[in-house]
Amino acid sequence: MAKKFFIETLGCAMNVRDSEHMMAELVIKEGYEEASSASEADLIIINTCSVREKPVNKLFSEIGQFAKIKKPEAKIGVCGCTASHLGEEIIKRAPVVDFVLGARNVSKIRDVLNRPKAVEVDIEYDESRYAFGELRTSLYKAYINISIGCDKQCSFCIVPHTRGEEISIPAELIVKEAVKAAKSGAKEIFLLGQNVNNYGRRFSGEHPKMGFTQLLREVSEIEGVERIRFTSPHPLHMDDEFLEEFAKNPKICKSMHMPLQSGSTKILKAMKRGYSKEWFLERAAKLREMVPDLSISTDIIVGFPGESDEDFEDTMEVLESVRFEQVFSFKYSPRPLTPAKDYDNQVPQDVASERLARLQARHNEMLDEMKSDRLGRVYEVYFEELKPGGMVAGRTDNNWLVQAKGSEELLGKIVPVEIVETSRLGSVGRVVA
Ligand code: SAH
Ligand code: F3S
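All residue numbers for the sequence shown refer to my numbering, where the first residue is 1 and numbers rise by one.
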């Protein structure tokens, strides 16, 4: 009987793709099958995130839970950013763990399987040309990495210390993967990197000069590709050429992630983000002007060291002005290896909590105002998933979730849908024949 694996994936889209890569290696090259639960698996993998402290603290209790329910011979592997960061300490604290495999080392999954207590966490390891087996968890959307690591060194962020320096993946490999995915029916290509619009700064080995805007053009010329999304771009690298391509290329979905982090220029400086409040507002306004029906999402951190009431008001002002369709907001979490954890003006927890609650409450009000604009309008929805109750779910070009009555035959199709009901989380629509 084939061996079975179970993977739990936490964190960002990069981790989702890393898990797909590991699955491909296990299935195609080692003959594994996916288990329907951890208790029937021969191999349990936790693909971790270390961006904030809470999930890291939870890791050890989670390992304990898996240890309790696993088959006696089953192996447990800890992968991803916490693996990179804690390395062999994980096995010391939880001896039940069989191997530790860092982000940017996932191509070594087959190697660590058979090496007891292996720890592979080299953040300088170059995976940018590694040919992973081909396996995708979605038929309709293909995640494709365009770079590994991040060069930015934002002062709050642990990622550069877990994923290492930024290396771009050769464009010809990206295009080849996109062609393959499109041929197998994926109309949507989702380009991934920690800092996608910095693409092309550094390749490993010789490579002709190439930037993100050019890469977008090349991917959009592939037959069968109808939608292109990407995450995450950095506001600093949103130059005119990029904005123009974004606006005029009909295959690029009109939803932009603009991670603000803070609306205060003083705090942005302390965060080492490289842009000011004014730059951010100007870029967002320009985008809104160029692109009708654009949706903008963002990440915001409240309670960064030194954030005064006025600094927080700056963030609230940007929130009012840009009217983000989606906000991922977090309380600042001090992370090891980052300079900000040693700044001496840390904000008290209760102040940060209050600010977060205020920001989220105001954004919810704004969403309530925005959602009614959608009612009665018709959007092109790409259906990707069956839902209970005879519903199918998909996304509009500008990334709103829409459900409609329907069945398998809508999957993988882009169809006009009239919005009949909206809530903060998504809309319900009616397929327009
Ligand atoms: N370039 C990546 C950033 C990864 S971290 C991307 O945009 O996906 C994702 C988000 O987590 C960041 O944008 C930031 O808002 C948040 N974050 C990172 N470090 C944090 C910290 N120390 N405390 C709180 N939030 C943090
Ligand atoms: Fe982190 Fe900043 Fe890079 S948020 S991933 S260091 S762009």
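Don't be surprised by glycine CBs; every beta carbon is placed ideally from N, CA and C. As the structure is a computational prediction, the values presented were derived from the model and not from experiment.
Can you grab the Cα-Cα spacing for the pair residue i / residue j, in whole Å?
i: histidine 161; j: asparagine 198; result: 18 Å
i: arginine 229; j: tyrosine 343; result: 36 Å
i: valine 327; j: aspartate 299; result: 6 Å
i: glycine 80; j: serine 333; result: 19 Å
i: aspartate 239; j: lysine 286; result: 11 Å
i: serine 297; j: leucine 243; result: 16 Å
i: glycine 376; j: threonine 315; result: 33 Å
i: glycine 11; j: glycine 87; result: 18 Å
i: lysine 439; j: tyrosine 32; result: Here the chain comprises residues numbered 1 to 433, so residue 439 is not present and cannot be evaluated.
i: glutamate 177; j: phenylalanine 190; result: 11 Å
i: glutamine 261; j: proline 292; result: 25 Å
i: glycine 224; j: lysine 183; result: 7 Å
i: valine 302; j: valine 318; result: 13 Å
i: threonine 9; j: tryptophan 279; result: 35 Å
i: valine 392; j: glycine 429; result: 10 Å
i: valine 16; j: arginine 362; result: 31 Å
i: alanine 24; j: leucine 113; result: 14 Å
i: glutamate 313; j: tryptophan 400; result: 28 Å
i: serine 39; j: leucine 59; result: 18 Å
i: leucine 356; j: glutamate 206; result: 46 Å
i: glutamate 120; j: isoleucine 76; result: 15 Å
i: glutamate 134; j: serine 147; result: 18 Å
i: glutamine 65; j: threonine 48; result: 15 Å
i: isoleucine 443; j: asparagine 364; result: An answer regarding residue 443 cannot be provided, because it is not within the stretch 1 to 433 covered by the chain.
i: tyrosine 379; j: valine 415; result: 8 Å
i: serine 276; j: arginine 115; result: 49 Å
i: valine 180; j: valine 219; result: Inspection of the sequence shows that residue 180 is occupied by lysine rather than by valine. Taking the straight line from one Cα to the other gives about 12 Å.
Which residues bound the alpha helix (DSSP H) around residue i?
i: glutamine 326; result: No alpha helix (DSSP H) contains glutamine 326, which is instead part of the beta strand (DSSP E) from 326 to 331.
i: valine 436; result: Only positions 1 to 433 of the chain appear in the structure, and residue 436 is not among them; the question remains open.
i: serine 353; result: 349 to 371
i: asparagine 57; result: 53 to 69
i: cysteine 81; result: 81 to 86
i: glutamate 8; result: Counting along the chain, glutamate 8 falls outside any alpha helix (DSSP H), though it belongs to the beta strand (DSSP E) covering 4 to 9.
i: phenylalanine 280; result: 277 to 290
i: arginine 430; result: Counting along the chain, arginine 430 falls outside any alpha helix (DSSP H), though it belongs to the beta strand (DSSP E) covering 427 to 431.
i: leucine 268; result: 265 to 271
i: arginine 227; result: Taken as a continuous stretch (DSSP letters only), arginine 227 belongs to no alpha helix (DSSP H), being part of the beta strand (DSSP E) at 227 to 231.
i: methionine 256; result: Here methionine 256 belongs to no alpha helix (DSSP H); instead the beta strand (DSSP E) covers 255 to 257.
Quick one: is residue i near chain B, going by C-beta distance under 7 Å?
i: valine 56; result: Absent here is chain B; the protein component of the structure consists of one chain.
Going by the C-beta, is residue i closer than 6 Å to any heavy atom of the ligand SAH?
i: valine 56; result: no
i: proline 259; result: yes
i: serine 232; result: yes
i: serine 333; result: yes
i: phenylalanine 330; result: yes
i: isoleucine 301; result: yes
i: cysteine 12; result: yes
i: lysine 52; result: Contrary to the premise, residue 52 reads as arginine rather than lysine in this sequence. Within the cutoff, so yes.
Under DSSP, the beta strand (DSSP E) around residue i begins and ends at which residues?
i: alanine 393; result: 391 to 396
i: glutamine 403; result: 401 to 405
i: aspartate 299; result: 295 to 302
i: glutamate 418; result: 414 to 422
i: glycine 102; result: 99 to 102
i: glutamate 384; result: 378 to 387
i: valine 219; result: That residue, valine 219, is in no beta strand (DSSP E); its alpha helix (DSSP H) goes 212 to 220.
Closer than 6 Å to a non-hydrogen atom of the ligand F3S - does that hold for the CB of residue i?
i: glutamine 214; result: no
i: cysteine 154; result: yes
i: lysine 49; result: The amino acid occupying residue 49 in the given sequence is cysteine; lysine does not appear at that position. Flag unset: Cβ of cysteine 49 not near the ligand F3S.
i: cysteine 150; result: yes
i: cysteine 157; result: yes
i: glutamine 194; result: yes
i: proline 160; result: yes
Going by CA-CA distance only, name the one from the options that's closest to residue i.
i: aspartate 42; options: Glu172, Lys70, Leu410; result: Lys70
i: arginine 358; options: Arg52, Ala181, Phe330, Glu369; result: Phe330
i: lysine 187; options: Leu411, Ser423, Gly429; result: Leu411
i: arginine 442; options: Tyr275, Ile174, Val159, Gly211; result: Lying before the first or after the last residue shown, residue 442 is absent from the chain, which here runs from 1 to 433.
i: serine 353; options: Tyr140, Glu307, Ala285; result: Glu307
i: valine 432; options: Glu421, Thr422, Val417; result: Val417
i: aspartate 126; options: Ser407, Arg104, Gln194, Ile109; result: Arg104
i: phenylalanine 304; options: Arg52, Ala13, Leu216; result: Arg52
i: phenylalanine 324; options: Phe312, Pro388, Glu310, Leu367; result: Leu367
i: glutamate 408; options: Leu386, Asn399, Val402; result: Leu386
i: serine 427; options: Arg395, Gly406, Lys413, Val415; result: Arg395
i: proline 235; options: Gly133, Glu384, Val196; result: Val196
i: phenylalanine 156; options: Lys405, Arg374, Gln346, Pro388; result: Gln346
i: leucine 173; options: Val420, Arg129, Lys92; result: Arg129
i: valine 420; options: Val402, Gly200, Ala270; result: Val402
i: glutamine 153; options: Lys117, Arg273, Ile44, Glu245; result: Arg273
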